[in-house]
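Asker:
Residue numbers (the working numbering): 7 to 238.
Written out as structure tokens, the structure reads:
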């Protein structure tokens, strides 16, 4: 009876076409929190598959301005000093190998990121769904960053050795410290690169999350279409 009265009222307020539009917009069924949580995980995994995998390729970090790892503040004076004495090529190589180490490490660490998504427990999936364009990625970062750092750092250490970054930076620091009127530096590049590489991973996952939220064609499964339609 209440539905009938509602339809009569709607009909009085609008024509048939307008009424049909209202009906088309009515919810077609409820979406449970479990479905929303799974869709958010699927979106994060799609970010890993489509975006993070790009980081693992040659120049995945180095030629991606969103995530390219630059020198820490302490080493900018090293970079300038080397260029001032004609060692610009060595300075360029130092920056390049940091990014190469990150690319190599991400390639080996994709399963770590996938596992982190599997383990994540969304406390309020609906709130995250209706949040900012990167809400799921932000939640992933806040929930997993420490754990991922501890797993990722040893991989970065191995990648530094593999791409020769250890030797190159040992040479760079040695040359810089031998220059007159300079204060010796001894940066922890492994720690710095680990943090920057992780930030790059989260950045690229967020890129894909935003696509899924704003571009219907990026919703590659029925669940993604069903759930993310709620926030359109």
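Backbone N, C-alpha and C fix where the C-beta goes; we use that ideal spot for every residue, glycine too.
(1) If we call anything under 8 Å between Cβ atoms a contact, is residue 202 one with residue 53?
(2) What separation, rounded to the nearest whole angstrom, lies between the Cα atoms of residue 104 and residue 36?
(3) Report yes or no: do three or more beta-carbon pairs, one from the stretch 43-51 and one from the stretch 169-183, lie closer than 8 Å?
(4) Are there 16 or more other CB atoms within 10 angstroms of the CB of residue 125, so buried, or fewer, so exposed?
(5) The alpha helix (DSSP H) that contains residue 191, what's its start and end?
(6) Is it buried or exposed for residue 110, if we count other Cβ within 10 angstroms and need 16 for buried?
(7) In the DSSP assignment, find the unbroken alpha helix (DSSP H) run with residue 141 in it and report its ends.
(8) Going by CA-CA distance only, name the one from 55, 194 and 219 that's closest to residue 121.
(9) Under the rule that 16 or more other beta-carbon atoms within 10 Å means buried, what is residue 142, buried or exposed?
(10) Work out the CA separation of residue 61 and residue 47 for me, nearest whole Å.
(11) I need the DSSP call for residue 64, collapsed to helix, strand or coil.
(12) Among the candidates 82, 86 and 57, whose CA atom is the shortest distance from the CA of residue 70?
(13) Grouping DSSP H, G and I as helix and E and B as strand, with all else coil, what is residue 117?
(14) Might you give, ordered along the chain, the residues of its own chain that have their beta carbon closer than 8 Å to the beta carbon of residue 226, omitting 5 neighbours on each side?
(15) Compare the beta carbon distance of residue 145 and residue 108 with 8 Å and say whether it is the shorter of the two.
(16) How close, in whole Å, do the beta carbons of residue 159 and residue 200 come, if the pair is a contact with beta carbons under 8 Å?
(17) Let's test the definition: count the other Cβ atoms within 10 Å of the Cβ of residue 210 and tell me whether it reaches 16, buried, or not, exposed.
(18) Quick check: the Cα distance between residue 221 and residue 183, rounded to an integer number of angstroms?
(19) So what does DSSP say about residue 92, is it helix, strand or coil?
(20) Compute the beta-carbon to beta-carbon distance between residue 157 and residue 118, rounded to the nearest angstrom, for a pair I have assumed lies under 8 Å.
(21) At what residues does the alpha helix (DSSP H) containing residue 132 begin and finish?
(22) Can you say whether residue 188 is buried or exposed, counting buried as having 16 or more other CB atoms within 10 angstroms of its CB?
(23) State buried or exposed for residue 28, treating a residue as buried only when at least 16 other CB atoms are found within 10 Å of its CB.
(24) What separation, rounded to the nearest whole angstrom, lies between the Cα atoms of residue 89 and residue 208?
Answerer: In this structure, then:
(1) Sequence index remark: in the chain shown, residue 202 carries index 196 (1-based). Sequence index remark: in the chain shown, residue 53 carries index 47 (1-based). Not closer than 8 Å, so no.
(2) Start at 1 with the first residue of the chain shown, and residue 104 comes out as number 98. Start at 1 with the first residue of the chain shown, and residue 36 comes out as number 30. Roughly 49 Å separates the two Cα atoms.
(3) As far as the Cβ criterion goes, the stretch 43-51 does not touch the stretch 169-183, which means the pair count is below three.
(4) As a position in the chain shown, residue 125 is number 119, starting the count at 1. With fewer than 16 other Cβ atoms from the protein chains shown falling within 10 Å of its own Cβ, residue 125 counts as exposed.
(5) Residue mapping note: residue 191 aligns to position 185 of the chain shown, counting from 1. Looking at the DSSP string, residue 191 is not in any alpha helix (DSSP H), and its letter there is neither H nor E.
(6) Position 104 of the chain shown holds residue 110. Result: buried.
(7) In the chain shown, counting from the first residue as 1, residue 141 sits at position 135. Residues 141-168.
(8) Translated into positions along the chain shown, residue 121 becomes position 115. Ranking the options by Cα distance to residue 121, first place goes to 55.
(9) Looking up residue 142 in the chain shown gives position 136. So residue 142 ends up on the buried side.
(10) Along the chain shown, one-based indexing puts residue 47 at 41. Along the chain shown, one-based indexing puts residue 61 at 55. Roughly 20 Å separates the two Cα atoms.
(11) In the chain shown, the residue the question calls residue 64 occupies position 58. Three-state result, residue 64: coil.
(12) Residue mapping note: residue 70 aligns to position 64 of the chain shown, counting from 1. With distances taken between Cα atoms, residue 70 lies closest to 57.
(13) For the purposes of this step, residue 117 is identified with residue 111 of the chain shown, where counting begins at 1. Secondary structure at residue 117: helix, using DSSP grouped into helix, strand and coil.
(14) Counting from one through the chain shown, the residue named residue 226 turns up at place 220. The beta carbon of residue 226 is closer than 8 Å to those of 52 in its chain, skipping five residues each way along the sequence.
(15) The residue you call residue 145 lines up with position 139 of the chain shown. The residue you call residue 108 lines up with position 102 of the chain shown. Taking 8 Å as the Cβ cut-off, residue 145 and residue 108 do not qualify as a contacting pair.
(16) For the purposes of this step, residue 159 is taken as residue 153 along the chain shown, with counting starting at 1. For the purposes of this step, residue 200 is taken as residue 194 along the chain shown, with counting starting at 1. Rounded to the nearest angstrom, the Cβ distance from residue 159 to residue 200 is 5 Å, consistent with a contact under 8 Å.
(17) Position 204 of the chain shown, counted from the start, is the residue given in the question as residue 210. Classification for residue 210: buried.
(18) Position 215 of the chain shown holds residue 221. Position 177 of the chain shown holds residue 183. Roughly 52 Å separates the two Cα atoms.
(19) Taking the chain shown and counting its residues from 1, the one referred to as residue 92 is at position 86. Coil.
(20) Residue mapping note: residue 157 aligns to position 151 of the chain shown, counting from 1. Residue mapping note: residue 118 aligns to position 112 of the chain shown, counting from 1. By a beta-carbon distance limit of 8 Å, residue 157 contacts residue 118. Their separation comes to about 5 Å.
(21) Stepping through the chain shown from its first residue, residue 132 is reached at position 126. Start and end: 131-135.
(22) Reading the chain shown from its first residue, position 182 is the one you call residue 188. Residue 188 comes out exposed.
(23) Sequence index remark: in the chain shown, residue 28 carries index 22 (1-based). A caution first: residue 28 carries a pLDDT of 33, below 50, which makes its placement in the model too unreliable to give a value.
(24) Within the chain shown, the letter at position 83 stands for residue 89. Within the chain shown, the letter at position 202 stands for residue 208. Cα-Cα distance, rounded: 33 Å.
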